[in-house]
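In order, the protein sequences belong to chains A and B.
Just so we're on the same page, this note's numbering is the position in the first sequence counted from 1, plus 47.
Just so we're on the same page, this note's numbering is the position in the second sequence counted from 1, plus 47.
Glycine included, each C-beta is placed from N, C-alpha and C at the ideal position.
Number of protein chains: 2
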Amino acid sequence: MSDEPATEILEATYYILSEHGYADLTIQDIADEADTNNSTIYYHYDSKDQLFVALLDKLFEQFADRVNSPEGDTPREQLDTLLQILLTADADSDRNKFRTAMLELKAQAPYKPVLRERLTEFDKFLCEQLREILATGMATGEFSETIHPASVAEYLTATITGVHTRHAAINQSSDRLYTTMTRYIEEHLLADKQTEIE
Amino acid sequence: MSDEPATEILEATYYILSEHGYADLTIQDIADEADTNNSTIYYHYDSKDQLFVALLDKLFEQFADRVNSPEGDTPREQLDTLLQILLTADADSDRNKFRTAMLELKAQAPYKPVLRERLTEFDKFLCEQLREILATGMATGEFSETIHPASVAEYLTATITGVHTRHAAINQSSDRLYTTMTRYIEEHLLADKQTEIE
Numbered sequence: 048m049s050d051e052p053a054t055e056i057l058e059a060t061y062y063i064l065s066e067h068g069y070a071d072l073t074i075q076d077i078a079d080e081a082d083t084n085n086s087t088i089y090y091h092y093d094s095k096d097q098l099f100v101a102l103l104d105k106l107f108e109q110f111a112d113r114v115n116s117p118e119g120d121t122p123r124e125q126l127d128t129l130l131q132i133l134l135t136a137d138a139d140s141d142r143n144k145f146r147t148a149m150l151e152l153k154a155q156a157p158y159k160p161v162l163r164e165r166l167t168e169f170d171k172f173l174c175e176q177l178r179e180i181l182a183t184g185m186a187t188g189e190f191s192e193t194i195h196p197a198s199v200a201e202y203l204t205a206t207i208t209g210v211h212t213r214h215a216a217i218n219q220s221s222d223r224l225y226t227t228m229t230r231y232i233e234e235h236l237l238a239d240k241q242t243e244i245e
Numbered sequence: 048m049s050d051e052p053a054t055e056i057l058e059a060t061y062y063i064l065s066e067h068g069y070a071d072l073t074i075q076d077i078a079d080e081a082d083t084n085n086s087t088i089y090y091h092y093d094s095k096d097q098l099f100v101a102l103l104d105k106l107f108e109q110f111a112d113r114v115n116s117p118e119g120d121t122p123r124e125q126l127d128t129l130l131q132i133l134l135t136a137d138a139d140s141d142r143n144k145f146r147t148a149m150l151e152l153k154a155q156a157p158y159k160p161v162l163r164e165r166l167t168e169f170d171k172f173l174c175e176q177l178r179e180i181l182a183t184g185m186a187t188g189e190f191s192e193t194i195h196p197a198s199v200a201e202y203l204t205a206t207i208t209g210v211h212t213r214h215a216a217i218n219q220s221s222d223r224l225y226t227t228m229t230r231y232i233e234e235h236l237l238a239d240k241q242t243e244i245e
């Protein structure tokens, strides 16, 4: 826990959101978890929605750090690093927590434009990272010149989103999908495609 | 509205869930919407969770009807019909309603084993439909003999799930993804693959 009250409040919100969900979450629960009181929370955040916006901003910052400029000597390696970051680690409880909290917030988005706006930024950021890697790989000749980077990036973004939804909601392995997605990239996107599929 | 009280209650629950979300939903809201009272609801359903289980069972029945044995003379055509059913119709308010309600229920699944169980059935049913079509198409020679039907079926299921999540949460077009997915199938799964990609 940080010694910044606002940070402690956000950490408590994140914890409760991922452990118990949005539906039963009250400001009092957050106050109890952060060892503070309701008025301190309202001093920092005007409303419950503002608290969730601040949480999403913080999660976005961390997500952007994690996903930005993935390691790798080539675009193919960078794409693989990115997919490893995003899809593996089923057993990592921090990832589980993140995916569950994000699913909770996504389920609020249809009724809360401020949350929808932030979640759209998340989505765009990921899509753009993928598109850039694909476009760079096309320029270097590593990815096939016949792919359409923006469409493939959106397709991968949709799949990653679905893997996270399935993992958080019904506990379906994301590691397995990482393997299938890697195979798809090898067969479908690389300039020098593999011809045989296991 | 049906004249069966239990059905009316489920319809009211579905309506409120997709219009206002799970978080603020009370039995009183459902009673008001169904033009009945709390005790009638509790006469039919022991708890709020039981009501959602009954709703999921009903939605599953309708989903299975819609998705079962898709029309088409060949597996490729059947797959296309299925993807059209699942991915097009962004503007269809019934589809929007369904996707939003499902996202609400998925967000409850991490904390409610009975809901998770039902949602797992949905997922398995779709996966199995896709796997069967792919396997039949491999047997007839329409799909490439190098594909692995179970993995591809799960990959498509993850993507479809992601398309629905993105559509309900951040209003991203599912029609566009239908086009990309169709292209993926043509390039990647058919025995007689297209070589040029737009």
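Original post:
Per DSSP, what kind of secondary structure is A/Leu237 in: helix, strand or coil?
Top reply: Note: A/Leu237 maps to strand in three-state DSSP.
Original post:
Per DSSP, which one or two residues make a beta bridge with A/Phe190?
Top reply: Bridge partners of A/Phe190: A/Leu237.
**OP:** Report the neighbours of B/Gly68 on chain A: residues whose CB is nearer than 8 Å to its CB, in chain order.
**Re:** In chain order: Ala154, Gln155, Pro157 and Tyr158.
Original post:
Using a Cβ-Cβ cut-off of 7 Å (strictly less than) and excluding sequence neighbours within five positions of A/Leu224, which residues of its own chain qualify?
Top reply: Taken in chain order, the residues that qualify are Leu134 and Val210.
Original post:
What residue from A/Tyr69, A/Glu108 and A/Val114 has the CA that sits closest to A/Asp96's CA?
Top reply: With distances taken between Cα atoms, A/Asp96 lies closest to A/Tyr69.
Original post:
Quick one: any contact between the segment 167 to 176 of chain B and the segment 232 to 241 of chain A, if contact means 3 or more CB pairs under 8 Å?
Top reply: The answer is no - the segment 232 to 241 of chain A does not touch the segment 167 to 176 of chain B, with fewer than three Cβ pairs under 8 Å.
Original post:
Which residues, in order along the segment 163 to 186 of chain A, keep a beta-carbon less than 8 Å from a beta-carbon of chain B?
Top reply: Considering only beta carbons, the part of the segment 163 to 186 of chain A lying closer than 8 Å to chain B consists of Arg163, Leu166, Thr167 and Asp170, in chain order.
Original post:
If you compare alpha carbons, which of B/Ala138, B/His195 and B/Ile180 is closest to B/Pro117?
Top reply: Distance from the Cα of B/Pro117 is smallest, within the candidate group B/Ala138, B/His195 and B/Ile180, for B/Ile180.
Original post:
Leaving out the 5 sequence neighbours to the left and right, which residues in its chain are closer than 7 Å to B/Asp71 when beta-carbon positions are compared?
Top reply: Within the same chain, B/Asp71 has no close Cβ partners at all.
Original post:
chain A beta carbons: is any one of them nearer than 8 Å to that of B/Ala215?
Top reply: Yes - at least one Cβ of chain A is within 8 Å of the one on B/Ala215.
**OP:** To the nearest angstrom, report how far apart B/His195 and B/Met185 are at their CA atoms.
**Re:** Each residue's Cα considered, the two are about 10 Å apart.
Original post:
So, A/Glu55 versus A/Ala81, is the Cβ gap smaller than 8 Å?
Top reply: Taking 8 Å as the Cβ cut-off, A/Glu55 and A/Ala81 qualify as a contacting pair.
**OP:** Consult DSSP for A/His195 and reduce its assignment to one of helix, strand or coil.
**Re:** Three-state DSSP puts A/His195 in coil, outside helix and strand.
Original post:
Can you name the start and end residues of the alpha helix (DSSP H) that B/Gln131 belongs to?
Top reply: Start and end: Pro122 to Leu134.
**OP:** Identify the contact partners of A/Thr206 in chain B, using a Cβ-Cβ distance below 8 Å as the criterion.
**Re:** In chain order: Tyr202, Ala205, Thr206 and Gly209.
Original post:
Any beta-carbon of chain B closer than 8 Å to the one on A/Glu234?
Top reply: With respect to chain B, the C-beta atom of A/Glu234 has a partner C-beta closer than 8 Å.
Subject >> For A/Ser65 and B/Ala156, the rounded distance between their alpha carbons >> reply: Using only the alpha carbons, I get a separation of about 12 Å.
**OP:** Please compile the residues from chain A whose C-beta is within a distance smaller than 7 Å of the C-beta of B/Glu80.
**Re:** Those do not exist, as B/Glu80 stays about 16 Å from chain A at its closest Cβ, beyond 7 Å.
Original post:
Should A/Lys248 be labelled buried (16 or more other beta-carbon atoms within 10 Å of its own) or exposed?
Top reply: What is shown of chain A runs 48 to 245, which leaves residue 248 of chain A out entirely.
Subject >> Option nearest A/Ser94 by Cα separation, candidates A/Leu103, A/Asp112, A/Ile74 and A/Lys171 >> reply: Nearest Cα to A/Ser94 within the set A/Leu103, A/Asp112, A/Ile74 and A/Lys171: A/Ile74.
Original post:
Where do the ends of the alpha helix (DSSP H) carrying B/Ala156 lie?
Top reply: Element bounds for B/Ala156: n/a, residue is neither H nor E.
Subject >> Cβ-Cβ separation, B/Ala148 to B/Tyr61 (assumed contact under 8 Å), whole Å >> reply: Rounded to the nearest angstrom, the Cβ distance from B/Tyr61 to B/Ala148 is 6 Å, consistent with a contact under 8 Å.
Subject >> Rounded separation between B/Ala238 and A/Asp139 - CA only >> reply: As the crow flies, the alpha-carbon of B/Ala238 is around 39 Å from that of A/Asp139.
**OP:** Reducing DSSP to helix, strand and coil, say where B/Glu175 ends up.
**Re:** Helix.
**OP:** Give, in chain order, every residue of the segment 114 to 148 of chain B whose Cβ lies closer than 7 Å to some Cβ of chain A.
**Re:** Of all residues in the segment 114 to 148 of chain B, Thr147 have a Cβ within less than 7 Å of some Cβ in chain A.
**OP:** Within the same chain, show all residues whose beta-carbon is closer than 8 Å to that of B/Glu192, passing over the 5 residues directly before and after it, in chain order.
**Re:** Counting only residues of its own chain and dropping the five nearest sequence neighbours on each side, B/Glu192 has a CB closer than 8 Å to the CB of Met185 and Ala238.
**OP:** Can you say whether A/Ser86 is buried or exposed, counting buried as having 16 or more other CB atoms within 10 angstroms of its CB?
**Re:** It is exposed - the Cβ of A/Ser86 has fewer than 16 other Cβ atoms within 10 Å.
Subject >> Short CB-CB distance (under 8 Å) between B/Tyr92 and chain A >> reply: At least 8 Å separates the CB of B/Tyr92 from every CB of chain A.
Subject >> Contacts around B/Leu203, its chain only, beta-carbon distance under 6 Å, and the 5 residues preceding and following it disregarded >> reply: Closer than 6 Å at Cβ, skipping near neighbours: Leu177.
Original post:
When the Cα of B/Arg146 is compared with those of B/Phe107, B/Gly188 and B/Asn115, which residue comes out closest?
Top reply: When only C-alpha atoms are compared, the closest one is B/Phe107.
Subject >> Assigned exposure category for B/Pro160 - 16 Cβ within 10 Å defines buried >> reply: Exposed, by the Cβ-count rule.
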